[in-house]
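Data first, discussion second: the structure below is written as structure tokens.
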Amino acid sequence: MKVIIHGGFFSESSTNHETKVAKQQALLRIVNDSYAYLQNHSAVETVVYAVSLLEDDELFNAGIGSQIQSDGKIRMSASLMDGDSQKMSGVINIEEVKNPIQVAQVLLNVDDRILGGSGATNFARQHGFEKFSTEIPQRKSEYQAKLASSGIGTVGCVVIDKNLKIAAATSTGGKGFEIPGRISDSATVAGNYANSFCGVSLTGVGEDIVSGAVAAKIVTRVTDGFSLEKAFEKTFDELKPYDGFAGAIAIDKNGNVFHQDSHPSMVFASFDGENEEVFQ
924 MKVIIHGGFF SESSTNHETK VAKQQALLRI VNDSYAYLQN HSAVETVVYA
974 VSLLEDDELF NAGIGSQIQS DGKIRMSASL MDGDSQKMSG VINIEEVKNP
1024 IQVAQVLLNV DDRILGGSGA TNFARQHGFE KFSTEIPQRK SEYQAKLASS
1074 GIGTVGCVVI DKNLKIAAAT STGGKGFEIP GRISDSATVA GNYANSFCGV
1124 SLTGVGEDIV SGAVAAKIVT RVTDGFSLEK AFEKTFDELK PYDGFAGAIA
1174 IDKNGNVFHQ DSHPSMVFAS FDGENEEVFQ
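Structure (structure tokens):
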């Protein structure tokens, strides 16, 4: 049983030492809590649990702390993929929901599993998700001062459980000041993908990740016999011609954990019950 999580890129917010330490501590707390949760829950349940904790922490750009778009509204996206059933579900540009990943979890058992805009928001209301503003003062002041971030904030989790089932989940609050209606990578197979061989979650510039079909490529290559490291190497090499900005976390069916970024520095943490790792 292993868990790895990411919280976007360190450069997407303040880069002072205090923020760095706060993110390290938050990621270690969340990865340890998620590993404890995994003891009695499935991979799917655990990735939702972990990403919910990340959405609830304003240090990260997902859920609470999401970026504000050019029209002053917050729209979030999240997705979930069960590597065992090969089902993916997600919400795109959902509004005023505390935990978009939990809405994606409900959609996993619905025929129409990926919903966008008002349809996603209405579905959430119909299934008991109350109206909740995820706007925090920091994001409001950034918006008012037109201090756009570099758009590389996302959170995610990949888990392998005691039954060797793999799941991946990803959530984002957007890049900030984008055109309303923009689709990020987070609720697509480019940014979040899993099967029985491997699970991957991405962060970075959504357009670059979609152009590279990054998550799906890594998982497909592992499925076809590549080692996890070699699958990452080849896929990230293919980002270089257009200087693609991406970071990824992954676990394969053998319990190998891997992470890589094309630009410094993705924030991440992993834990397997004995060994923990956090970005430096």
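Numbering follows the working numbering, with no gaps: position 65 of the sequence shown is 988.
A virtual CB, placed ideally from N, CA and C, is assigned to each residue, including glycine.
- Contact between the stretch 1185-1203 and the stretch 1090-1109 is absent: fewer than 3 CB-CB pairs across the two stretches fall below 8 Å.
- If you draw a 10 Å sphere on the C-beta of Lys925, you find 16 or more other C-beta atoms in it, and that means buried.
- Nearest to Phe1120 by alpha-carbon distance, out of Asp1035, Ala985, Glu1053 and Ala1139, is Ala1139.
- A direct Cα-to-Cα measurement between Val1142 and Asp979 gives close to 29 Å.
- Sequence-distant Cβ neighbours of Ile1059 in its own chain, meaning closer than 7 Å and more than five residues away, are Glu981, Ile987 and Gly988.
- The alpha-carbon of Gly1170 is positioned some 10 Å away from that of Phe1155.
- Counting only runs of 3+ residues, the beta strand (DSSP E) found wholly inside the stretch 1033-1101 occupies 1037-1039, 1078-1083 and 1089-1095, in chain order.
- DSSP assignment within the stretch 970-1013 yields the following whole beta strand (DSSP E) runs of 3 residues or more, N-terminal first: 999-1005.
- Here the stretch 1002-1022 lies against the stretch 1080-1098, with 3 or more beta-carbon pairs under 8 Å apart.
- Per DSSP, Ile1024 is one residue of the alpha helix (DSSP H) stretching across Pro1023 to Leu1030.
- Rounded to whole angstroms, the Cβ separation of Gly930 and Lys943 is 12 Å, and the two are not in contact under 8 Å.
- In the displayed model, Thr1111 falls within coil according to three-state DSSP, outside both helix and strand.
- DSSP places Phe933 in no beta strand (DSSP E); its state is neither H nor E.
- The DSSP-derived three-state label of Asp1184 is strand.
- In this structure Asp1175 is buried. Its beta-carbon is surrounded by 16 or more other beta-carbon atoms within 10 angstroms.
- Within the same chain, and ignoring the five residues on either side of Leu1162 in sequence, the residues whose Cβ sits closer than 7 Å to its Cβ are Asp1131, Gly1135, Ala1169 and Ser1185.
- If you look at Glu1199, you'll find it in the beta strand (DSSP E) that goes Glu1199 to Val1201.
- About 6 Å separates the Cβ atoms of Ser957 and Tyr972, confirming a contact at the 8 Å cut-off.
- Leaving aside the five residues that flank Ile1106 on each side, the residues in its chain whose CB is nearer than 7 Å to its CB run, in chain order, Ile1015.
- In summary, Asn1118 is buried, with 16 or more beta-carbon neighbours lying within 10 Å of its beta-carbon over all protein chains present.
- Out of Ser1109, Ala1113 and Ala959, the CA that lies nearest to the CA of Gly1196 is found in Ala959.
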